[in-house]
Amino acid sequence: MFKDGLIAKQFSCGATKTVYVCCFGLTPYFKANLIKCLDNVEQYTVLFDKTLNKATQLKQMDILVRFWRNDPVATRYLTSAFIDHAKADDILSAFYQCVEKLKLSKILQISMDGPNVNWKIFENLQADLKKEYSHEALSIGSCGLHILHNSFKYSESSTGWNISKILTSVCWLFKDSPSRREFFDAFHP
């Protein structure tokens, strides 16, 4: 791996040590960098999704943050919380623990899957944001990407241009074809 030093030559890393290095070495570093980055953006969307973690047999709530940085929109993993079967207040409490280092006044939108308990969480979060920061998050549905996709799909169908078929064809033209992508990149910097 490293050829420049005695210590580096003797370095080895098994599965347990790798997990330890990732959890307690790399994770805090990347999380701190993300928090620092989020301090420098105007607003962001916080996404959460709960799924069953088969290893722990608990629901795992993953928290991601989506924000506009320089030119592209970036989506980054923040953290996870493990929760049992819980009510909206319990899930909201776990959510607040996960985002404790974020400035909640910068939340533009909350993106989530659609179960009714999530709408109760959203309602309670809106009340907290209004009380604490005198603003609310945008309410455009449970998942902004679904809303955007459906809006585009409806607009496309109303034109009669069949854009969907064209875009699908372009996707398949370049999918799994490095030579075609390379050829395209040569003409499109």
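What the sequence shown shows, in numbering that gives the first Met the number 0, is residues 0 to 188, in sequence order. For glycine and all other residues, C-beta sits at the position ideal for the given N, C-alpha and C. Quick caveat: nothing in here was measured; it's all calculated off a predicted structure.
Query                                                                                                                 : Result
Residue range of the unbroken beta strand (DSSP E) whose run includes threonine 192                                   : The structure shown does not extend to residue 192, since the chain is modelled only from 0 to 188, so the question has no answer here.
Sequence-distant residues of its chain with Cβ nearer than 8 Å to arginine 68 (five each side left out)               : Cys36, Val40
Rounded C-alpha distance that separates serine 79 from phenylalanine 186                                              : 43 Å
Under 8 Å between C-beta atoms of histidine 134 and serine 156                                                        : no
Limits of the unbroken beta strand (DSSP E) element including tryptophan 190                                          : In the structure as shown, the chain begins at 0 and stops at 188. Residue 190 is therefore absent and cannot be evaluated.
For phenylalanine 10, three-class secondary structure by DSSP                                                         : coil
Distance CB(leucine 124)-CB(isoleucine 139) smaller than 8 Å                                                          : no
Beta-carbon proximity list for alanine 14, same chain, < 7 Å, skipping 5 on both sides                                : none
Supposed close pair leucine 63, leucine 77 - CB separation, criterion 8 Å                                             : 6 Å
N- and C-terminal bounds of the alpha helix (DSSP H) containing valine 116                                            : 115-132
Straight-line gap, proline 114 to serine 11 (C-alpha atoms, nearest Å)                                                : 46 Å
Sequence-distant residues of the same chain with beta carbon closer than 8 Å to alanine 93, five excluded per side    : Met60, Ala80, Ile82, Ala85
Exposed unless 16 or more other CB atoms sit within 10 angstroms - verdict on glutamine 96                            : exposed
Rounded C-alpha distance that separates cysteine 22 from serine 163                                                   : 42 Å
Rounded separation between phenylalanine 183 and phenylalanine 173 - CA only                                          : 9 Å
Alpha carbon of alanine 87 to alpha carbon of valine 169, nearest angstrom                                            : 44 Å
Sequence-distant residues of the same chain with beta carbon closer than 6 Å to isoleucine 34, five excluded per side : Lys100
Inter-residue Cα distance where the pair is leucine 166 and leucine 25                                                : 39 Å
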